Amino acid sequence: MTTSRRPFRFGAVAGVRGPASAWTDGARRLEDDGYSTLLVPDTLWTPSPFLVLAAVAAATTNLRLGTWVIASALRRPAEVVREVKTLQELSAGRVELGIGAGRPGGERDAEALGVEWGSAGARVTQVEATVTAVRGGIDPVPRIVIAGSGDRMLGIAARMADTLALPTPPTADLATLAALAERARVHAGDIELAVQLTGVGDDIPAWLRHQQGLTPDGLREAGSATMLSGDVDRDADALAELREATGISYLTVPGELTPRVGPLVARVSGS
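Take the sequence shown: its position 95, counted from the start at 1, is 94 in numbering that gives the first Met the number 0, and no numbers get skipped.
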C-alpha cells in the first residue's frame, strides 16, 4: 500500500509515583527536549492517568497528554467522556485518548475495582462504544489512539482513530515489524503507526530484565528493530530505515530511557 511519510514524533511513557511537583518538573523537561506527548499507563499500581495529566496540563503549553492506554472494561463510556472532556478543557485541546481492550492480566484490575472484565469480544465492543461517545460528546475531539492488532480493532481504528499502537514483542526485527505494519494498513488504511522503543545501548527497562529475562546483548542478537545503539547518527539512520520499511513514525519511550533518547528526539522530531 502507498503510505504517507509522516514526521517523527516521540512519546514518553511514565508511571512512577510522586508529588505533583515531580510530575510537572519532569513534564517541562520533556517538553523542552522536544517530546510530543506524555503518556501515563492505566493500571492499579500506577497513578491515575487523568489526575496526573491534569496537573501536567497546568504546567506545560505544547506537550500532548495521553492515556497509555485505558482498558475499555474498566470505565463506562460516559465516565470516559467526562474525564476526557475536562482534561481537554484544562489543556486547551492537547489530549490523546489511548484506549484498548485490555492488557494481559487486566482482569485482576477489574476484579479489584468490582467491575466485569468480560470476553475479548465484549471488551472490543466497549472500545467502539467509548470512542463513539468521545467523538460525539467532546469538542474539539481529542486525538484517538487505538492499541490492538485484531481484525475488529483494526477496523475500529480505520473508522475512528488517528493513531494505531502496534503491540510488538521487544525482540521483533525489521521484517517482523514490516509485516505487522502491512497487515495493519490493509485493515486500517493509511494511519499513523506507533511502537515502543526497547532500549538504548546497554540500558533496557528493568521489567524486561526481571520479568522476561532479556538482555541488551540478547536483543541485539535477535535483531530487535526497536533497540537503539546510543549513537545519535546511527540511530537517526536506523529510524529512517524503520519508517521507510514500515511507515512507523511515532516512537514511545519508557520513562527511564527518556534522558538518553533526548538527543535523538532533538535531532529527528518533526523531520
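Don't be surprised by glycine CBs; every beta carbon is placed ideally from N, CA and C. Since we're looking at a predicted model, the values are computed, not measured.
Legend entry - Whether Trp22 touches Val55 by CB criterion (8 Å): yes
Legend entry - Sheet register partners of Ala11 (DSSP bridge): Leu37, Val252
Legend entry - Backbone secondary structure at Thr66 - three-state DSSP: strand
Inset, instruction - On the DSSP bridge assignment, give the partners of Arg142 in chain order. - result: Glu95
Inset, instruction - Run through the segment 109 to 196 for me and flag every whole beta strand (DSSP E) of 3 or more residues, listed as ranges in chain order. - result: 142 to 146, 162 to 164, 191 to 195
Legend entry - Helix, strand or coil at Asp202 according to DSSP, with G and I counted as helix: strand
Inset, instruction - Under 8 Å by Cβ, that's how I've got Met152 and Val130 pegged, so tell me the actual separation to the nearest angstrom. - result: Not quite, the Cβ-Cβ distance comes to about 11 Å (not below 8 Å), so this is no contact.
Inset, instruction - Output yes if chain D places a C-beta closer than 8 Å to the C-beta of Glu181; else output no. - result: Looking for chain D here will not work: only one protein chain is present.
Legend entry - Leu227 - DSSP class collapsed to helix/strand/coil: Three-state result, Leu227: strand.
Inset, instruction - Specify, as a first and last residue, the run of the alpha helix (DSSP H) that Trp22 falls within. - result: 19 to 32
Legend entry - Residues near Thr3 by beta carbon distance below 7 Å, same chain, minus five either side: The question names Thr, yet the displayed sequence has Ser at residue 3. These residues qualify, in order along the chain: Asp189.
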